[in-house]
Amino acid sequence: MSEPLLSPADLARLDRLALFSRRRLRGEPAGERRTRRLGAGGEFADHRAYAPGDDLRYLDWNVYFRLGDLVVKRFEAVDAVRVLVAVDRSASMAGRKARFARRLAAALAHVAVRRHDAVSFAWLPAVEGRPPVETFRDAARLVPLFDALAATEDAGPTRLSADLARVVAAAGRRGPAVLLSDFFDPAGAAAGLSTLAARGFETTALHVLDPADAALPVGETLRCVDRETGEVVDVDVTPEVAQAVEAAWRRRAERVRAWCAEREVGWVPVEVGRGLFDVLSALLRAGVVVGT
């Protein structure tokens with residue numbers, strides 16, 4: 071993965087996108103998430119009639135002296151959010167899935183910091199010697215993240231629930247969370263997503279799919295090795311076997327989609343081989359990103 075994940079042209083296009091949160095989050099430094107609130111601290115928005123108990127500091131005395139109406143000023147404040155981006159780097163992701171997932175993670179991180187949001191980044195499983203979560207708040211600090219995304223090895227088993235439990239404990243503040251994975255998890259694809267959703271994160275699953283995972287050459291005998299467990303199975307690939315494997319692969323993706331739909335967890339299929347900005351357009355339609 072020595073080739074840069076994002077070209078200068080990619081970065082320029084990404085500057086026109088912004089991460090979107092469906093709910094307002096409080097307590098972060100000022101960013102570019104617009105919310106309407108009473109009082110100062112942003113751009114003037116409009117007036118509303120004074121009501122007993124309103125802070126007198128926000129009365130518009132100019133309007134009162136001209137028209138005799140008691141009104142208070144309202145302003146548009148801007149709030150930053152902290153976006154959790156978690157990338158599956160288990161052995162099953164090796165190859166095309168890993169590169170595409172990492173390009174997408176880099177794109178989302180770039181968009182977030184350009185909109186003055188913070189990015190909390192996590193590897194699943196964690197990388198030895200690195201903290202479970204690293205937070206980035208400006209574009210200059212993203213360079214080491216991009217380097218790590220391009221160079222970190224895919225290794226280890228998929229244990230999304232256990233790994234995300236440590237990530238959630240370290241991440242602290244709740245907010246939007248994006249999980250990029252192929253969800254080849256022996257504990258079930260829903261395990262990790264449940265961990266995020268149960269802790270109050272606004273979760274989106276970016277399901278990384280490679281049709282090559284289910285494409286078997288008919289008429290050949292294959293020695294299939296599980297990348298994560300090392301288990302070996304010899305298979306004579308008949309047309310029926312090839313069809314059954316492909317059907318099972320599709321059913322598996324459908325089960326993840328259905329689980330997410332039942333629990334209002336976002337689910338976006340991310341098929342390798344698609345253009346990066348085609349996928350980002352799908353994320354825009356799903357409410358994960360929005361044009362500026």
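For the sequence shown, the residue numbers in the working numbering are 71 to 362. Note that the Cβ used here is the ideal one computed from N, Cα and C, for glycine as well.
Leaving aside the five residues before and after Arg-333 along the sequence, list all residues of the same chain whose C-beta is less than 7 Å from its C-beta, in chain order. Hits under 7 Å: Ala-267.
Can you have a look at Ala-192 and say buried or exposed, based on whether 16 or more other CB atoms are within 10 angstroms of its CB? The residue is buried, with at least 16 neighbouring Cβ atoms inside 10 Å.
Identify whether Thr-265 lies in helix, strand or coil by the three-state DSSP scheme. In the displayed model, Thr-265 falls within a helix according to three-state DSSP.
Closest to Gly-336 by CA distance: which of Leu-353, Phe-170, Glu-223 is it? A check of alpha carbon separations from Gly-336 across Leu-353, Phe-170, Glu-223 identifies Leu-353 as the nearest.
Do Leu-292 and Val-307 have their CB atoms nearer than 8 Å? Their beta carbons are under 8 Å apart, which means Leu-292 touches Val-307 by this criterion.
Using the Cα positions of Leu-87 and Val-359, report the straight-line distance between them to the nearest angstrom. A straight line joining the alpha-carbon of Leu-87 with that of Val-359 spans about 7 Å.
So the candidates are Trp-131, Phe-254, Arg-185; which of them puts its Cα closest to the Cα of Ser-231? Per the Cα distances, Phe-254.
Please classify Pro-126: is it buried, with 16 or more other beta-carbons within 10 angstroms of its beta-carbon, or exposed? The sequence given here has Leu at residue 126, not Pro. Burial call: exposed.
What's the C-alpha gap between Gly-289 and Pro-309? Distance between the alpha carbons of Gly-289 and Pro-309: 8 Å.
If you measure from the beta carbon of Pro-227 to each beta carbon in chain C, is any gap under 8 Å? Looking for chain C here will not work: only one protein chain is present.
Assign Ala-247 to one of three DSSP states: helix, strand, or coil. In this structure, Ala-247 counts as strand in the three-state DSSP scheme.
Short Cβ contact (8 Å threshold) for Leu-350 with Val-248: No, they are not a contact pair.
Quick one, are the C-beta atoms of Asp-365 and Asp-158 less than 8 Å apart? Not covered by the structure: residue 365. The range shown for the chain is 71 to 362.
Cβ of Ala-161 within 8 Å of Cβ of Arg-322? No, the pair does not count as a contact, with Cβ atoms beyond the cut-off.
Evaluate Ala-82 with the Cβ neighbour count: other Cβ atoms within 10 Å of its Cβ, from every protein chain shown; 16 or more gives buried, anything less gives exposed. Taking all protein chains in view, the Cβ of Ala-82 is surrounded by fewer than 16 other Cβ atoms within 10 Å, so the residue is classified as exposed.
Let me know if Arg-92 comes out buried or exposed under the rule of 16 or more other beta-carbons within 10 Å of its beta-carbon. Its pLDDT being 39, under 50, Arg-92 is placed unreliably in this model, and the value from its coordinates should be taken loosely. When all chains shown are included, Arg-92 counts as exposed.
Let me know the secondary structure DSSP gives Glu-160 once reduced to three states. Looking at the sequence provided, one finds Ser at residue 160 rather than Glu. Note: Ser-160 maps to coil in three-state DSSP.
Can you name the residues that DSSP bridges to Lys-143? The beta-bridge partner set that DSSP reports for Lys-143 consists of His-117.
Can you check whether the CB of Val-141 is closer than 8 Å to the CB of Tyr-120? Yes. Within cutoff.
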